[in-house]
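Visitor:
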Amino acid sequence: MNYDVLKKNFEKHGFHTAYFETGEEAASYIKEMVKGKAVALGGSVTLQEIKLNEVLDGECALTWHWLEPGAETLKKAKQAEVYICSANGVSETGEIVNIDGTGNRVSMTIYGPQKVYYLVGRNKISPDMHSALMRAKNVAAPKNALRLNRKTPCAANGGDRCYDCNSPERICRATVIQDRPCNGVEAEVVFINEDLGY
Ligand code: SF4
Numbered sequence: 021m022n023y024d025v026l027k028k029n030f031e032k033h034g035f036h037t038a039y040f041e042t043g044e045e046a047a048s049y050i051k052e053m054v055k056g057k058a059v060a061l062g063g064s065v066t067l068q069e070i071k072l073n074e075v076l077d078g079e080c081a082l083t084w085h086w087l088e089p090g091a092e093t094l095k096k097a098k099q100a101e102v103y104i105c106s107a108n109g110v111s112e113t114g115e116i117v118n119i120d121g122t123g124n125r126v127s128m129t130i131y132g133p134q135k136v137y138y139l140v141g142r143n144k145i146s147p148d149m150h151s152a153l154m155r156a157k158n159v160a161a162p163k164n165a166l167r168l169n170r171k172t173p174c175a176a177n178g179g180d181r182c183y184d185c186n187s188p189e190r191i192c193r194a195t196v197i198q199d200r201p202c203n204g205v206e207a208e209v210v211f212i213n214e215d216l217g218y
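The numbering of the sequence shown is the working numbering, which starts it at 21 and goes up by one.
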């Protein structure tokens, strides 16, 4: 991971950035940043792997639908001051790609909270926007469909690639390429020098 390049390009686009060697260090940093605030987490294997919900437990008012599934939790998450998620693809040139089925995560990253943190492992980084988009489509989405046990061609083939399916269980329904933080939202990309999520 070339943090100097990432920092330069993301900050040029109006994002804040931070860098940590480990997920544990990144989680401690987030804990200090969000103390006492209303915080919602997006669905994320990265956040699960660094046990962010456990680190934040008792430090803030936390909402996470992976802990308490259901429409009520998603509704409550909309009121959060801070939203934390990862990304399906990140370009060295300063763009973030996310693909959602429900749209809760992508909507929260562009409208609603005052601050958004993206926690990004080194495995998520691609050279440019097109390769970040291809990564999101052909690596992250199929693996997520497999994890969710969806009846989709990508899951049936072990999450090998996207087949641009028309399955009723398709998880790819909204693709957001964020090249700047949206008006009124402060966004920070926290780079972590470990492989996290997919
Ligand atoms: S569009 Fe269909 S085949 Fe492609 S990754 Fe999404 S669910 Fe899988």
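Glycine residues also receive a C-beta, built at the ideal position from the N, C-alpha and C atoms. Note that the structure is predicted; figures quoted are calculated from it, not measured.
1) Starting from the Cα of residue 162, find the closest Cα among 72, 185, 145 and give me that residue.
2) Counting by C-beta, which residues lie closer than 7 Å to a heavy atom of the ligand SF4, in chain order?
3) Determine the contact status of residue 194 and residue 123, defining contact as a CB-CB distance below 8 Å.
4) Where does residue 202 land, buried or exposed, given buried means 16+ other C-beta within 10 angstroms?
5) Can you tell me where the beta strand (DSSP E) holding residue 135 begins and where it ends?
6) Could you tell me which whole alpha helix (DSSP H) segments of length 4 or greater appear in the segment 46 to 95?
7) Residue 118 and residue 107 - do their beta-carbons sit closer together than 8 Å?
8) Classify residue 105 as helix, strand or coil using the three-state DSSP reduction.
9) Whole angstroms is fine: what's the gap from residue 40's alpha carbon to residue 213's?
10) Whole angstroms is fine: what's the gap from residue 55's alpha carbon to residue 82's?
11) Taking the alpha carbon of residue 98 as the reference point, which residue from 112, 62, 73 has its own alpha carbon closest?
12) Would you be able to state if there are at least three C-beta pairs under 8 Å between the segment 66 to 75 and the segment 133 to 142?
13) Going by CA-CA distance only, name the one from 148, 86, 88, 165 that's closest to residue 121.
14) May I ask you to report which of helix, strand or coil DSSP gives residue 130?
15) Verify whether the separation of the beta carbon atoms of residue 135 and residue 102 is less than 8 Å.
Guide: Based on what the coordinates show:
1) The residue labelled residue 162 in the question sits at position 142 within the sequence shown. Checked all of 72, 185, 145; the closest Cα to residue 162 is 185.
2) Ordered along the chain, the selected set is 157, 161, 162, 165, 170, 172, 173, 174, 175, 182, 183, 184, 185, 187, 190, 191, 192.
3) Numbered from 1 along the sequence shown, position 174 holds the residue referred to as residue 194. Numbered from 1 along the sequence shown, position 103 holds the residue referred to as residue 123. Yes, these two residues count as a Cβ contact at 8 Å.
4) Within the sequence shown, numbered from 1, the residue matching residue 202 stands at position 182. Flag for residue 202 reads exposed.
5) Position 115 of the sequence shown, counted from the start, is the residue given in the question as residue 135. Counting along the chain, the beta strand (DSSP E) containing residue 135 begins and ends at 135 to 141.
6) Runs of the alpha helix (DSSP H) inside the segment 46 to 95: 65 to 69, 72 to 76.
7) One-based indexing of the sequence shown puts residue 107 at position 87. One-based indexing of the sequence shown puts residue 118 at position 98. A contact, by the Cβ cut-off of 8 Å.
8) Counted from its first residue, the sequence shown places residue 105 at position 85. Residue state, collapsed to three classes: strand.
9) The residue given as residue 40 occupies position 20 in the sequence shown. The residue given as residue 213 occupies position 193 in the sequence shown. Approximately 6 Å between the Cα atoms of the pair.
10) As a first step, residue 55 is located in the sequence shown; it is residue number 35 there, counting from the start. As a first step, residue 82 is located in the sequence shown; it is residue number 62 there, counting from the start. The alpha-carbon atoms of residue 55 and residue 82 are separated by roughly 10 Å.
11) For this step, residue 98 is matched to residue 78 along the sequence shown. The candidate whose alpha carbon is nearest that of residue 98 is 62.
12) Taking 8 Å as the limit for Cβ pairs, the verdict is that the segment 66 to 75 does touch the segment 133 to 142.
13) Along the sequence shown, one-based indexing puts residue 121 at 101. For residue 121, the closest C-alpha among the options 148, 86, 88, 165 is that of 165.
14) As a first step, residue 130 is located in the sequence shown; it is residue number 110 there, counting from the start. Reduced to three states, the DSSP call for residue 130 is helix.
15) Here the question's residue 135 lines up with position 115 in the sequence shown. Here the question's residue 102 lines up with position 82 in the sequence shown. Going by C-beta atoms, residue 135 is nearer than 8 Å to residue 102.
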